[in-house]
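Number of protein chains: 2
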Amino acid sequence: MPSEALKARREGLLFLEHFLPYRLSVLSNTVSGRIAKSYEERFQLTIAEWRVMAVLGRFPGLTAAEVTERTAMDKVQVSRAVSRLKETQRIEQRAVEGDRRARHLFLTDQGHEVYAEIVPLALDYERQFTAGLKAAERAQLDRLLDKLAAAAATL
Amino acid sequence: MPSEALKARREGLLFLEHFLPYRLSVLSNTVSGRIAKSYEERFQLTIAEWRVMAVLGRFPGLTAAEVTERTAMDKVQVSRAVSRLKETQRIEQRAVEGDRRARHLFLTDQGHEVYAEIVPLALDYERQFTAGLKAAERAQLDRLLDKLAAAAATL
DNA sequence: CCAACATAGTTTCAAATGAAACCATTATCA
DNA sequence: TGATAATGGTTTCATTTGAAACTATGTTGG
Numbered sequence: 000m001p002s003e004a005l006k007a008r009r010e011g012l013l014f015l016e017h018f019l020p021y022r023l024s025v026l027s028n029t030v031s032g033r034i035a036k037s038y039e040e041r042f043q044l045t046i047a048e049w050r051v052m053a054v055l056g057r058f059p060g061l062t063a064a065e066v067t068e069r070t071a072m073d074k075v076q077v078s079r080a081v082s083r084l085k086e087t088q089r090i091e092q093r094a095v096e097g098d099r100r101a102r103h104l105f106l107t108d109q110g111h112e113v114y115a116e117i118v119p120l121a122l123d124y125e126r127q128f129t130a131g132l133k134a135a136e137r138a139q140l141d142r143l144l145d146k147l148a149a150a151a152a153t154l
Numbered sequence: 000m001p002s003e004a005l006k007a008r009r010e011g012l013l014f015l016e017h018f019l020p021y022r023l024s025v026l027s028n029t030v031s032g033r034i035a036k037s038y039e040e041r042f043q044l045t046i047a048e049w050r051v052m053a054v055l056g057r058f059p060g061l062t063a064a065e066v067t068e069r070t071a072m073d074k075v076q077v078s079r080a081v082s083r084l085k086e087t088q089r090i091e092q093r094a095v096e097g098d099r100r101a102r103h104l105f106l107t108d109q110g111h112e113v114y115a116e117i118v119p120l121a122l123d124y125e126r127q128f129t130a131g132l133k134a135a136e137r138a139q140l141d142r143l144l145d146k147l148a149a150a151a152a153t154l
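Chains A and B supply the protein sequences, listed in that same order. For what it's worth, my numbering labels the leading residue of the first sequence as 0, then goes sequentially. For what it's worth, my numbering labels the leading residue of the second sequence as 0, then goes sequentially.
Right, here's the structure in full:
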């Protein structure tokens with residue numbers, strides 16, 4: 000931490016720009032905002048919808064509740080995203096044997112096409128975004144974020 | 000990156016849980032949500048209001064436009080936060096010489112009291128949150144976030 | 001069996017948000 | 001000057017969001 004920040008701390012001040020929760024929030028909002036805009040423009044897709052598609056691309060047949068578990072979204076968000084994705088024909092539902100409340104969710108052919116277009120874009124965006132980091136730095140970043148996520152979850 | 004993620008990448012899949020923008024978003028939402036809850040409970044203060052107070056604690060007399068520059072908030076958010084903070088008597092306004100549109104913003108005595116209570120809480124939260132990191136790791140984290148923020152800003 | 005409870009997913013309603021329009025004032029410059 | 005544009009800040013309106021209530025179905029314990 001810069002010494003000015005340490006000094007401020009002794010004086011009971013807080014430098015927002017050195018405060019980790021603030022920095023994470025600004026960074027995350029910048030990144031997500033940019034991504035949201037490009038998904039919206041190209042695919043008329045919100046981040047929530049994209050998350051549902053992403054997880055279904057990898058785990059076909061999850062139910063909405065299972066999508067909820069895997070995406071840090073709540074069930075209302077998932078429900079809304081799913082209903083929009085049905086309207087736009089990107090996903091379809093099939094019965095769950097033995098439980099008429101839930102339905103398995105799958106990407107449609109159209110959904111797979113969109114998915115196949117977005118994945119490289121997303122990965123490319125991530126690559127550009129981290130282009131300034133060496134491989135070791137990137138690995139270190141992942142480690143640090145793991146630790147922080149674990150700490151945040153238990154606090 | 001774990002090898003399963005690399006393999007997925009070759010296959011045109013994306014592992015949301017390894018995708019940096021997603022991880023940042025989840026982490027930031029967890030952290031901010033927790034902080035928001037505690038500020039709300041103890042001080043009936045939103046994150047936006049707290050940001051305004053934080054920056055005024057350090058830079059008394061900023062105008063709303065200057066607060067906007069320093070907080071990654073837009074002017075509507077700042078305007079709303081300021082009007083609530085006036086209502087709750089945490090800040091007050093004084094004329095800007097030579098410009099009748101803008102007003103200087105200051106914490107009131109009450110505002111200073113709240114500020115003096117929150118700052119240690121916030122710093123303590125940050126300390127707990129990063130307790131698992133060694134000093135060198137924390138420094139590295141700050142460096143990495145600086146790089147990412149710079150990259151995100153220019154993309 | 002059935003009463004109570006739990007779960008999957010949807011809907012409702014109030015509050016939060018963002019974009020754009022807006023008012024007042026100040027700056028620019030022909 | 002005076003017209004035009006720019007700035008500081010607020011308000012309006014439509015949309016999004018979240019919490020809670022709700023429907024339907026499934027599970028559990030007496």
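Note that CB positions come from ideal geometry on N, CA and C, so glycine has one too. Small disclaimer: the values here were computed from a predicted structure and weren't measured.
Just checking my contact of Thr70/A with Ala101/A at CB under 8 Å: how many whole Å lie between their CB atoms?
The C-beta separation of Thr70/A from Ala101/A comes to about 16 Å, leaving the pair out of contact by the 8 Å criterion.
Can you give, in chain order, each stretch of the beta strand (DSSP E) that sits fully within the segment 43 to 126 of chain A and has at least 3 residues?
90 to 95, 98 to 106, all fully within the segment 43 to 126 of chain A.
Check for me: the alpha helix (DSSP H) holding Ala152/B runs from which residue to which?
Unbroken alpha helix (DSSP H) run through Ala152/B: 134 to 153.
Do three or more CB pairs link the segment 47 to 60 of chain B to the segment 74 to 88 of chain B at distances below 8 Å?
The segment 47 to 60 of chain B is in contact with the segment 74 to 88 of chain B.
Mind the definition here: the segment 104 to 114 of chain A touches the segment 83 to 91 of chain A only if three or more C-beta pairs lie below 8 Å; say whether that holds.
Pairwise C-beta distances place the segment 104 to 114 of chain A in contact with the segment 83 to 91 of chain A, as three or more of them are shorter than 8 Å.
Give me the Cβ distance between Ala53/B and Phe128/A, rounded to the nearest whole Å; I'm assuming they're in contact under 8 Å.
Ala53/B to Phe128/A, Cβ: 27 Å. No contact.
Return the residues of the segment 127 to 139 of chain B that lie within a Cβ-Cβ distance of less than 8 Å from chain A, sorted by chain order.
With the criterion set as a beta carbon lying under 8 Å from some beta carbon of chain A, the members of the segment 127 to 139 of chain B are Gln127, Phe128, Thr129, Ala130, Gly131, Leu132, Glu136, Arg137, Ala138, Gln139, in sequence order.
For the segment 45 to 59 of chain B, list every residue whose C-beta sits within 7 Å of some C-beta in chain A, in sequence order.
Hits within the stretch, in order: Arg50, Ala53, Val54, Gly56, Arg57.
Give the residues of chain B in contact with Ile34/A, contact being defined as C-beta atoms less than 7 Å apart.
Taking a Cβ-Cβ cut-off of 7 Å, the neighbours of Ile34/A in chain B comprise Pro20, given in sequence order.
Between Leu19/A and Leu12/A, what straight-line distance do the alpha-carbon atoms span, to the nearest angstrom?
Looking at the two C-alpha atoms, the distance is approximately 15 Å.
Any C-beta of chain A under 7 Å from that of Glu40/B
For Glu40/B, the answer is no, since every Cβ of chain A falls outside 7 Å of its Cβ.
Please state whether the Cβ-Cβ distance between Lys146/B and Gly32/A is less than 7 Å.
Their beta carbons are not under 7 Å apart, which means Lys146/B does not touch Gly32/A by this criterion.
Determine, using beta carbons only, whether Ser37/A comes closer than 7 Å to chain B.
For Ser37/A, the answer is no, since every Cβ of chain B falls outside 7 Å of its Cβ.
Specify the secondary structure class of Gly162/A as computed by DSSP and reduced to three states.
Outside the modelled stretch of chain A, which goes from 0 to 154, sits residue 162/A, for which no answer is possible.
Quick one: which residues of the segment 63 to 93 of chain B get their C-beta closer than 8 Å to a C-beta of chain A? List them in chain order.
Residues passing the 8 Å Cβ filter: Arg69, Thr70, Ala71.
Does DSSP classify Glu10/B as helix, strand or coil?
In the three-state reduction of the DSSP assignment, Glu10/B falls in the coil class, being assigned neither a helical nor a strand state.
Nearest chain B C-beta to Val25/A closer than 7 Å, yes or no?
By this cut-off, Val25/A is an interface position.
Once you ignore the five residues that flank Thr67/B on each side, which residues in its own chain have a CB closer than 6 Å to its CB?
Cβ-Cβ distances below 6 Å link Thr67/B to Lys74, Val77 in the same chain, with the five nearest sequence neighbours on each side left out; the list follows chain order.
Mind listing which residues of the segment 99 to 127 of chain B have their C-beta closer than 9 Å to chain A's C-betas, in chain order?
Within the segment 99 to 127 of chain B, the residues whose Cβ lies closer than 9 Å to some Cβ of chain A are Tyr114, Ala115, Ile117, Val118, Pro119, Ala121, Leu122, Tyr124, Glu125, Gln127, listed in chain order.
Let me know if Val118/A comes out buried or exposed under the rule of 16 or more other beta-carbons within 10 Å of its beta-carbon.
Buried: at least 16 other Cβ atoms inside 10 Å.
By the criterion of Cβ-Cβ separation under 7 Å, what are the contact partners of Val30/B in chain A?
Near Val30/B (Cβ distances below 7 Å), the residues of chain A are Pro20, Leu23, Ala151.
Within this structure, are the beta carbons of Leu144/B and Arg22/A separated by less than 7 Å?
Yes.
Closer than 7 Å to chain B by CB, Leu144/A
Yes, contact with chain B.
Per-residue contacts from Leu61/B into chain A (C-beta, under 9 Å):
Going along chain A, no residue has its Cβ under 9 Å from Leu61/B, so there is no contact; the nearest lies around 12 Å.
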